[in-house]
Amino acid sequence: EAAARVGKSRSAVTNALRLLGLTPAVRKLVEEGKLSAGEIAEELRTFTRRIKLYGCLDTLDYLARGGRIPQAAASLGSLVQLKVLITINDEGKVGLAGKGMGMHRACAGLLKLIQQHKIDERFPVMPLYTYNPDNCLSFIKKLNMASIACQSNNLHAVGSTIGTHVGPGVFGLVFVEAE
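Take 32 as the starting number for the sequence shown in our numbering and just add one per residue.
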């Protein structure tokens with residue numbers, strides 16, 4: 032019932048709860064009769080709006096291979112070392128968040144986007160990567176220098192379904208924005 036009210040699949044709600052470590056706390060409140068399914072749904076709806084994801088695509092080649100952009104655009108992007116910064120909006124759609132010429136500028140742009148939000152430190156900050164974590168590890172160092180607590184032993188590999196579309200070398204960050 033909570034999944035239907037939030038407008039997400041049961042697995043998406045379950046995974047979000049499990050990922051954020053909320054399952055035991057929510058279960059206890061439900062068992063004690065302090066939280067109804069409707070209240071859970073509303074809390075989840077509010078909470079999911081606070082989850083932020085930002086990422087950097089290392090290459091445009093895989094977007095071109097998948098027909099999402101023209102091959103000419105990918106070739107030109109590779110020539111100038113264009114890195115695309117992406118985000119996931121409140122509706123769950125991928126959107127352009129910015130771009131940078133070269134990895135240094137892309138990292139700076141990604142860091143600037145993240146710094147626009149106050150991170151809720153009660154929840155984990157999760158670095159993401161595809162295939163090879165090197166770009167992600169370099170970015171974690173930049174995050175730590177900017178006083179954003181992020182641990183390199185907490186890396187999360189992006190699944191193969193998404194990884195196939197964006198290619199190797201992608202890195203990013205998922206966090207919960209403070210209220």
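Quick reminder that beta carbons are idealized off the backbone N, C-alpha and C, glycines included.
Q.
If you reduce the DSSP assignment to three classes, tell me which class Lys-83 lands in.
A. Counting from 1 along the sequence shown, the entry for residue 83 is found at position 52. Lys-83: strand per DSSP, three-state reduction.
Q) Straight-line CA distance for Arg-81 to Glu-122? A) Residue mapping note: residue 81 aligns to position 50 of the sequence shown, counting from 1. Residue mapping note: residue 122 aligns to position 91 of the sequence shown, counting from 1. Going from the Cα of Arg-81 to the Cα of Glu-122 covers about 12 angstroms.
Q: Taking Ser-109 as the reference, give the member of Leu-94, Asp-165, Ile-119 and Ile-117 with the closest Cα.
A: Sequence index remark: in the sequence shown, residue 109 carries index 78 (1-based). Nearest C-alpha to Ser-109: Leu-94.
Q. Does the distance from the CB of Ala-180 to the CB of Leu-142 come in under 8 angstroms?
A. As a first step, residue 180 must be located in the sequence shown, where it is residue number 149. As a first step, residue 142 must be located in the sequence shown, where it is residue number 111. Cβ distance not < 8 angstroms, so Ala-180 and Leu-142 don't count as in contact.
Q: Tell me, please, whether the stretch 144 to 153 touches the stretch 186 to 202 by the rule of three or more beta-carbon pairs shorter than 8 angstroms.
A: no
Q. What residues in its chain sit with their C-beta under 8 angstroms from that of His-196, if we drop five residues either side in the sequence?
A. Here residue 196 refers to the residue found at position 165 when the sequence shown is read from its first residue. So the qualifying residues of the chain are Tyr-93, Leu-94, Gly-97 and Arg-99.
Q) For Tyr-160, which of helix, strand or coil comes out of DSSP? A) Numbered from its first residue, the sequence shown carries residue 160 at position 129. If DSSP states are grouped into helix, strand and coil, Tyr-160 belongs with the strands.
Q: For the beta strand (DSSP E) holding Gly-126, just list the boundary residues, first then last.
A: For this step, residue 126 is matched to residue 95 along the sequence shown. Counting along the chain, the beta strand (DSSP E) containing Gly-126 begins and ends at 125 to 132.
**Q.** Bridge-paired residues (DSSP) for Ile-208
**A.** Start at 1 with the first residue of the sequence shown, and residue 208 comes out as number 177. Here residue 208 is Glu; the residue named in the question, Ile, does not match the sequence. Ile-150, per the DSSP bridge assignment.
Q. Under three-state DSSP, which class holds Ile-117?
A. Start at 1 with the first residue of the sequence shown, and residue 117 comes out as number 86. Three-state DSSP puts Ile-117 in a strand.
Q) At which residues does the alpha helix (DSSP H) containing Ala-177 begin and terminate? A) Counting from 1 along the sequence shown, the entry for residue 177 is found at position 146. No alpha helix (DSSP H) contains Ala-177, which DSSP labels as neither H nor E.
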